[in-house]
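Trainee: Sharing a structure below in structure tokens format, with a few things to ask.
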Amino acid sequence: MTQELDRIPPSLALAFAPLHKRALGTAIGLACALVLFLVTALYLVRQPSPGFDLWLLNQYFYGYTVTWPGAVVGAAWGFLVGFVVGWFTAFVRNLVLAVSIFAARTRAEMTATRDFLDHI
Numbered sequence: 001m002t003q004e005l006d007r008i009p010p011s012l013a014l015a016f017a018p019l020h021k022r023a024l025g026t027a028i029g030l031a032c033a034l035v036l037f038l039v040t041a042l043y044l045v046r047q048p049s050p051g052f053d054l055w056l057l058n059q060y061f062y063g064y065t066v067t068w069p070g071a072v073v074g075a076a077w078g079f080l081v082g083f084v085v086g087w088f089t090a091f092v093r094n095l096v097l098a099v100s101i102f103a104a105r106t107r108a109e110m111t112a113t114r115d116f117l118d119h120i
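Residue numbering for the sequence shown follows the numbering used here, starting at 1 and increasing by one per position.
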């Protein structure tokens, strides 16, 4: 009987499964690198007349310039920053989820114990 109660439906187990930190970091890092490279490349190809202030990214990413080599440097920085953001996001989500599940289980066990002690 207790084994049936302890069993979690697969869909619910999937919803509460921890995220893989390295995988999420890599995915977000690649997306950020691609976006930064494409924005710089599009700027270099189209050369808009009013222009964007892409050179301001140099203030955040050392070595970035609005050139083709700068696009590669920007992609590297984009991957690094995206990886850190993705890894940290997965870490915090996993931590919050673990603490929430621990609190819910502890509360349920305390309620069950209190009911048991009330019947004695």
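Cβ atoms here follow ideal geometry from the backbone N, Cα and C, with glycine treated the same way.
For a quick check, are the C-beta atoms of residue 32 and residue 63 less than 8 Å apart?
Mentor: To locate residue 32, count along the sequence shown from 1; it is residue 32. To locate residue 63, count along the sequence shown from 1; it is residue 63. Their beta carbons are not under 8 Å apart, which means residue 32 does not touch residue 63 by this criterion.
Trainee: How many angstroms separate the CA atom of residue 74 from the CA atom of residue 87?
Mentor: Here residue 74 refers to the residue found at position 74 when the sequence shown is read from its first residue. Here residue 87 refers to the residue found at position 87 when the sequence shown is read from its first residue. Those two C-alpha atoms are separated by around 20 Å.
Trainee: Between the segment 90-104 and the segment 46-58, do at least 3 Cβ pairs fall closer than 8 Å?
Mentor: no
Trainee: Can you give me the start and stop residues for the alpha helix (DSSP H) that residue 49 sits inside?
Mentor: Translated into positions along the sequence shown, residue 49 becomes position 49. It is not in any alpha helix (DSSP H) - residue 49 carries neither H nor E in the DSSP assignment.
Trainee: From residue 106 to residue 97, what does the alpha carbon distance come to, in whole angstroms?
Mentor: Along the sequence shown, read from residue 1 onward, the residue named residue 106 stands at position 106. Along the sequence shown, read from residue 1 onward, the residue named residue 97 stands at position 97. Those two C-alpha atoms are separated by around 14 Å.
Trainee: Per DSSP, what kind of secondary structure is residue 29 in: helix, strand or coil?
Mentor: For the purposes of this step, residue 29 is taken as residue 29 along the sequence shown, with counting starting at 1. Note: residue 29 maps to helix in three-state DSSP.
Trainee: Could you tell me the alpha carbon to alpha carbon distance between residue 14 and residue 95, rounded to whole angstroms?
Mentor: As a working note, residue 14 is residue 14 in the sequence shown. As a working note, residue 95 is residue 95 in the sequence shown. Rounded to the nearest angstrom, the two C-alpha atoms are 16 Å apart.
Trainee: According to DSSP, simplified to helix, strand and coil, what is residue 16?
Mentor: As a first step, residue 16 is located in the sequence shown; it is residue number 16 there, counting from the start. Residue 16: coil per DSSP, three-state reduction.
Trainee: Please return the same chain residues whose Cβ sits closer than 6 Å to the Cβ of residue 37, not counting the five positions on each side in sequence.
Mentor: Taking the sequence shown and counting its residues from 1, the one referred to as residue 37 is at position 37. So the qualifying residues of the chain are 71, 75.
Trainee: Applying the criterion that 16 or more other CB atoms from any shown protein chain within 10 Å of the CB defines a buried residue, is residue 77 buried or exposed?
Mentor: Counting from one through the sequence shown, the residue named residue 77 turns up at place 77. Residue 77 should be labelled buried.
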